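Read in order, the letters of the sequence shown correspond to residues 323 to 520 in the numbering used here.
Even for Gly, the Cβ is constructed at its ideal location relative to N, Cα and C.
These numbers were taken from a predicted model, which means no experiment stands behind them.
Input: a single structure, listed below in structure tokens.
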Amino acid sequence: MFVWVGATARLLAFPIAGGRKLSVVAVLDDLGSTESWSAPGRVEDLRAAFEGWCPEVHDIVGAVDEVRRWTLYDREPLRSWSTGRVTLLGDAAHPMLPHHGQGANQALEDAVALATSLRGVGRDPSSIRAALLRYEELRRPHTTGVQLGSRGGGTVRMAPPGGAKPQGSLPGMVADVSWIMRYDIEAELRSREPVPTA
């Protein structure tokens, strides 16, 4: 992945289609709210946002011929995910901003924890409810940390409000998410298994 960070924008590019194409994501200051995941944008706005950047960025945004826009929204962490024999996982339980790149990963971790929590549970409603609460008690503290941490990620951290000089750095951004990358859901689950007695 390639990342360019500036005071008012950030550009990410990574190869797809076996390296034949680039997926490009530009995070920009508000250009007007459009509540949509596929609203058309203007290529001119994208190019203007990166005016004066390095030649590599100019080459990338210069090759773009179609832009889609969406506004990033946030919500507070939920206090509970489970009701009776129903629970939530992934974005339904903990929608987060994309600045840590963890939406899909947290959903996969949820699935592992949920499957492990339900292992061996029969059809008894109280056993199912207890298993869902175990899953939630395991996952909620971690996903809340990731969800809240993603609020301060990306360009927001790199460029303080008011046009002040950015205080962050790319190594700082990496360090900021390293605790997430070191987290091992399987190790966490093993640490919570009952210790066999002799």
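The Cβ atoms of V346 and A335 lie closer than 8 Å to each other.
In this structure, D432 keeps its C-beta atom at 8 Å or more from the C-beta atom of L454.
Between W403 and A361 a beta carbon distance of about 31 Å is seen, past the 8 Å cut, so the two are scored as non-contacting.
Between D413 and G425, the CB-CB gap stays under 8 Å. The DSSP-derived three-state label of L334 is strand. Residue environment analysis places M418 among the buried positions, since at least 16 neighbouring C-beta atoms fall within 10 angstroms of its C-beta. The beta-carbon separation of L460 and A435, rounded to 5 Å, stays under the 8 Å limit for a contact. For the pair V443 and A329, the Cα-to-Cα distance works out to about 52 Å. For the options A429, E388 and V379, the alpha carbon positioned closest to that of F324 is the one of V379.
With a beta-carbon spacing of about 11 Å, E458 and T405 fall beyond the 8 Å limit used to define contacts. Under the three-state reduction of DSSP output, T409 falls in the coil class, being neither helix nor strand. Taking C-beta atoms as the reference points, D387 and V365 count as a pair closer than 8 Å. Within the same chain, and ignoring the five residues on either side of S472 in sequence, the residues whose Cβ sits closer than 8 Å to its Cβ are M418, L419, P420, H421, H422 and Q424.
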